[in-house]
Amino acid sequence: MTSHSPESGGLVTESTLGASNSSQTIENKGLTILGISGRRLAAVLIGWFFVIFDGYDLIVYGTVQSALAKEWNLSSATLGTIGSTAFFGMAIGAVFIGRLSDRVGRKAAVIGSVLILSVFTMLCAFAPNPWVFGAFRFIAGLGLGGLVPSVNAMTSDLVPRKTMSAWATVMMSGVPIGGSIAAVLALVVVPSSEEWGWRFMFLIALIPLVVGLPIAMKVIPSDKAIKADHESREGHDDPAGFKDLLVDRYRWISIWFALATFVTLLAWYGLGTWLPRLMETAGYEFGHALMFTLALNLGAVIGSVVTAWAGDRFGPIRSGVIAAGIAGIALLLLLTYPPVTAVYVILILAGVGTHGTQILIIAAVANFYPSNLRGTALGWALGVGRIGAVVAPQLAGLLLAWNLGVNSNFIMFGTAALLSALALSVLLRLQKTYSVTHKVEIQG
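If you want this note's numbering, it's the position in the sequence shown, counting the first as 1, plus 200.
Okay, here's the thing in structure tokens:
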């Protein structure tokens with residue numbers, strides 16, 4: 201294996217690893233952003249491109265709920281059940297594909313996730329009934345769930361440790377950017393045709409398949425090269441599995457990371473799935489309801505920038521406590537029936553807090569666990585945590601079906617955000633009282 205020190209560019213020759221006869225390398229030359237350039241930068245940026253469509257896919261169902269309800273005569277409870285199918289798939293995909301990325305490699309896991317996500321989201325456009333639609337959403341969810349931990353694990357392997365938190369934040373900023381695109385596009389596309397308006401929203405999933413995958417095949421280094429490059433900078437780690445997450449040194453940290461993710465994603469994905477419908481139920485027109493969704497996602501984009509700065513300066517967990525607390529208080533303020541302008545501000549703050557908290561949790565996990573356990577740890581936190589995303593649409597639909605009103609949903613989402621702040625406070629306390637060291641201690 202040919203390698204050089206990080207100071208000389210951290211080059212690793214793939215041909216010496218048996219990848220090919222050509223001398224492809226993971227280079228660190230040219231334009232540098234947050235400590236990486238060349239092929240590393242290209243690989244990370246294509247990963248970010250895929251995460252944008254992950255975010256698009258997460259929000260797109262919420263933007264077409266009214267159209268689906270009208271075409272297939274669906275109740276609120278049924279809409280909630282269908283909304284949960286993708287998140288159920290995500291929970292499974294996050295755990296098993298995240299684990300697979302540690303076993304078969306980052307490149308294979310990323311590309312496989314994108315294939316599943318794109319193909320089955322596109323097929324949703326041709327679903328003849330809600331049951332087939334729900335089945336396609338479930339399978340697409342497997343790719344959705346596997347993509348984020350795989351991309352984040354790949355990114356963590358390719359970037360310097362000192363900029364890992366910043367890159368985790370950049371990567372996850374793609375989620376609300378994709379959600380914003382979905383909201384803006386729905387304003388124009390969904391009303392344009394009763395039959396094909398909502399269906400076209402799912403055809404957009406062809407873009408990462410047709411445009412992104414050929415680029416990814418070219419710029420993402422081979423799994424052997426990624427592993428060798430990482431080992432040349434940080435040393436060799438023995439293979440690890442799920443059981444290693446629950447050994448003494450990791451057990452309570454792993455459990456509380458999963459709990460914090462559970463309530464955070466309950467709030468974030470519950471809002472993303474139901475906000476347009478909730479606002480329509482509250483009496484707002486379809487256009488205004490989608491603008492509120494756009495405000496939520498723009499807040500999440502802003503949150504990506506704010507949390508990058510705060511996480512780097514104050515630590516991701518401490519910053520997460522504050523972000524989650526802000527989101528919880530903001531959502532509960534909706535119970536006071538504020539004027540429209542105030543609703544926009546509140547939803548921006550909710551976006552900053554809910555999605556920002558999730559970014560900070562991912563950054564903390566990526567920083568804490570060693571490379572051989574990182575994909576598994578991210579898959580664990582996101583997989584178990586996404587049970588919250590699974591139950592959120594179902595609970596929201598049931599609350600409406602039981603005639604408990606729109607405010608019951610805002611109480612649920614606001615309380616979930618406050619519970620996230622509580623869980624992160626416990627993690628912060630564990631950091632101070634329970635010393636866990638494996639190359640680097642968890643950052644507060």
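C-beta: ideal position from N, C-alpha, C; glycine also. Please read these numbers as outputs of a predicted model, since none were measured by experiment.
Chain-order list of residues whose beta-carbon lies under 7 Å from that of residue i (same chain, five-residue window excluded)
i      : result
Trp474 : Gly262, Pro593, Ala596 and Asn609
Val506 : Val552 and Gly556
Ile339 : Gly289, Ile316 and Phe320
Val351 : Gly247, Phe250, Val251, Val310 and Met371
Phe336 : Phe320, Leu323, Cys324 and Ala327
Ala530 : Ile546, Leu549, Ala550 and Gly553
Given residue i as reference, the closest of the options once Cα atoms are compared
i      : options                           : result
Gly520 : Pro538, Ala542, Tyr537 and Leu560 : Leu560
Arg240 : Gly585, Phe320, Ile404 and Ala416 : Ala416
Tyr569 : Ala386, Arg449, Ser620 and Ala510 : Arg449
Val304 : Thr615, Tyr537, Lys424 and Ser625 : Lys424
Ala286 : Ser620, Ala589, Leu598 and Val411 : Ala589
Met492 : Leu549, Met364, Gly346 and Gly515 : The residue you asked about is not Met; residue 492 is Phe in the sequence shown. The residue with the shortest Cα to Cα distance from Phe492 is Leu549.
Ala621 : Trp580, Ala601, Thr554 and Ile611 : Thr554
Ala366 : Ile292, Asn567 and Val543         : Asn567
Ala482 : Val540, Ala340 and Val410         : Val540
Leu604 : Ser380, Phe338, Ser276 and Leu245 : Ser276
Gly499 : Val332, Gly515, Leu599 and Ile377 : Ile377
Trp398 : Gly575, Leu599 and Lys270         : Lys270
Gly341 : Ala383, Phe296 and Met354         : Phe296
Ala623 : Ile453, Leu578, Leu274 and Val543 : Ile453
Ala524 : Val384, Ile587 and Ala467         : Ala467
Lys418 : Val348, Trp509 and Leu245         : Leu245
Gly515 : Gly345, Ala563 and Ile502         : Ala563
Ile381 : Ala291, Gly346 and Ala495         : Ala495
Residue i (DSSP reduced to helix, strand or coil)
i      : result
Ile236 : strand
Pro360 : coil
Ser392 : helix
Tyr544 : helix
Asp512 : helix
Asp448 : coil
Leu274 : coil
Ile420 : coil
Lys632 : helix
Asn329 : coil
Val304 : coil
Ser313 : helix
Ile381 : helix
Ser373 : coil
Ile404 : coil
Tyr256 : helix
Pro538 : coil
Leu627 : helix
Neighbourhood of residue i by C-beta, 6 Å cutoff - its chain only, sequence neighbours within 5 removed
i      : result
Gly585 : Ala458, Thr461, Phe462 and Leu465
Leu627 : Trp456 and Ile517
Ser625 : Val521
Thr637 : A caution first: Thr637 carries a pLDDT of 45, below 50, which makes its placement in the model unreliable, though a value can still be read off. Correct list: empty, nothing qualifies.
Ile236 : Val359
Val640 : Reliability fails at Val640, whose pLDDT of 42 lies under 50, so the model's placement of it is uncertain and no value is given.
Ser284 : Val590, Pro593 and Gln594
Gly528 : Gly614, Ala617 and Leu618
Burial state of residue i, where buried means 16 or more other Cβ atoms lie within 10 Å
i      : result
Glu480 : buried
Tyr256 : buried
Arg299 : buried
Phe326 : exposed
Lys632 : exposed
Leu535 : exposed
Tyr537 : exposed
Lys362 : exposed
Ser301 : buried
Gly487 : exposed
Ala489 : buried
Asn221 : Any reading at Asn221 is ruled out, since the residue's pLDDT is 36, under 50, leaving its predicted position unreliable.
Ser571 : buried
Ser266 : buried
Beta-carbon proximity list for residue i, same chain, < 8 Å, skipping 5 on both sides
i      : result
Pro408 : Phe249, Phe250, Phe253, Val314, Leu317 and Ser318
Ser504 : Thr369, Val370, Met372, Ser373, Pro376, His555, Gly556 and Ile559
Leu274 : Leu268, Ile282 and Pro330
**Message:** Going residue by residue through the segment 567-608, where are the continuous alpha helix (DSSP H) segments of at least 4 residues, counting only ones entirely within it?
**Reply:** 571-585 and 587-601
**Uninterrupted alpha helix (DSSP H) stretches inside the segment 453-485 (no shorter than 4 residues)** = none
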